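One structure below.
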Amino acid sequence: MASDHDLDDRPERPRDDGRRRDRHDRDERRHRSHRDEKRHRSRDRSDRHHRRRSRTPDSSSRRSHRRDEDADEDRHRRRRRSRDDKDSDRRRRRRDDNDDDDDDDEKRRKDSGRSVIKRNGPLPSQEASFAITNGEEPEKPKEKPNYGTTGLLAAASNSVTQADGTTIALKYHEPSEARKPSPRDQWTLFVFKDGDIVDTVNLSSRSCWLIGREMAVVDLPAEHPSISKQHAVIQFRYTEKRSEFGDKVGKVKPYLIDLESANGTRLNDEKVPESRYLELRDKDMVQFGQSTREYVIMLAPRD
């Protein structure tokens with residue numbers, strides 16, 4: 378037989394079972410909800426991963442195009458920077474050049490106050506050089522006495538006195554550059570008449586040859602009546618020229634000058650201007666007045 382205590386506990390059993398069921402249901406709901414959340418998360422992750430992997434070729438081309446655009450922009454930026462740097466360098470150089478020019482101008486202005494005196498001729502003495510560097514005028518040297526001939530005395534010195542006492546004034550006198558030709562240069566004058574050699578003159582023996590009809594003063598007589606008394610001159614002169622390297626090269630060469638003759642002088646069948654030197658070259662032909670004689674100048678070849 379059941380006790381009273383057991384009889385009292387019998388009606389309370391269904392309540393405990395209901396509570397247990399509720400708890401179980403709650404747990405199942407929680408578990409389901411937790412499971413659903415996990416599923417949703419896994420789905421989202423798979424979708425994201427699928428999206429990342431499943432990229433269309435259009436999207437890749439767009440990204441590559443964007444990369445190219447970015448690279449082009451970087452290049453343009455670098456070029457602009459380099460151009461700006463070059464422009465700034467040029468501006469700095471111009472400023473520096475302008476500053477240097479200003480300094481040079483200031484130095485020139487300062488130096489213009491004391492101008493250096495330039496002189497030709499021999500080197501000055503030590504005192505004169507110090508005076509020139511300080512911008513002062515050096516002392517002028519004392520004028521030396523001049524014993525040269527002037528006036529009537531000069532005219533008499535350029536004349537020749539004959540045996541009968543009469544004088545003949547010379548129309549020509551040699552310049553300062555007159556020289557005898559070098560022994561290695563043998564200049565010869567051949568005189569032709571009707572194709573035959575009439576005379577031969579060695580021009581290298583002296584520096585000047587006066588040609589004319591005045592036998593008392595000329596060096597090379599010419600008896601034709603159309604030739605003046607002092608007709609022309611063959612003059613050897615020393616001249617200097619600059620070489621292609623800038624060095625001075627001097628040489629003695631023959632020149633022809635007409636002394637304002639009445640019938641003139643011809644060089645290679647062309648009339649020669651009066652009172653003017655013309656260089657004579659190898660195998661040149663000269664004619665005086667109306668004479669038919671031909672004067673050919675030739676240079677002998679060197680051994």
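First residue of the sequence shown? That's 378 in our numbering, and the numbers climb one at a time after it.
We put the beta carbon where it would ideally sit given N, CA and C, even for glycine.
Since the model is a prediction, treat every value here as computed from it, not as a measurement.
Exposure of residue i, with buried meaning 16 or more beta-carbon neighbours within 10 Å
{"i": "R614", "result": "buried"}
{"i": "H608", "result": "buried"}
{"i": "I588", "result": "buried"}
{"i": "T669", "result": "exposed"}
{"i": "P598", "result": "exposed"}
{"i": "T642", "result": "buried"}
{"i": "I674", "result": "buried"}
{"i": "V649", "result": "buried"}
{"i": "P558", "result": "buried"}
{"i": "Q612", "result": "buried"}
{"i": "K519", "result": "exposed"}
{"i": "K548", "result": "buried"}
Short Cβ contact (8 Å threshold) for residue i with residue j
{"i": "R583", "j": "R679", "result": "no"}
{"i": "S581", "j": "S605", "result": "no"}
{"i": "K630", "j": "T616", "result": "yes"}
{"i": "L644", "j": "D661", "result": "yes"}
{"i": "G666", "j": "S603", "result": "yes"}
{"i": "I634", "j": "S652", "result": "yes"}
{"i": "V595", "j": "L636", "result": "no"}
{"i": "V663", "j": "Y672", "result": "yes"}
{"i": "I545", "j": "E600", "result": "no"}
{"i": "Y632", "j": "E647", "result": "no"}
{"i": "E554", "j": "C585", "result": "no"}
{"i": "Q539", "j": "A593", "result": "yes"}
{"i": "A677", "j": "Q563", "result": "yes"}
DSSP beta-bridge partners of residue i
{"i": "F665", "result": "T642"}
{"i": "Y632", "result": "Q612, E656"}
{"i": "G627", "result": "E617"}
{"i": "E647", "result": "L644"}
{"i": "E671", "result": "F569"}
Beta-carbon separation (whole angstroms), residue i vs residue j, contact threshold 8 Å
{"i": "L566", "j": "V578", "result": "4 Å"}
Pick out the complete beta strand (DSSP E) segments inside the stretch 520-604, 3 residues or longer, and give them in chain order.
-> Unbroken beta strand (DSSP E) stretches of 3 residues or longer found wholly inside the stretch 520-604: 536-538, 544-546, 564-570, 573-579, 585-589, given in chain order.
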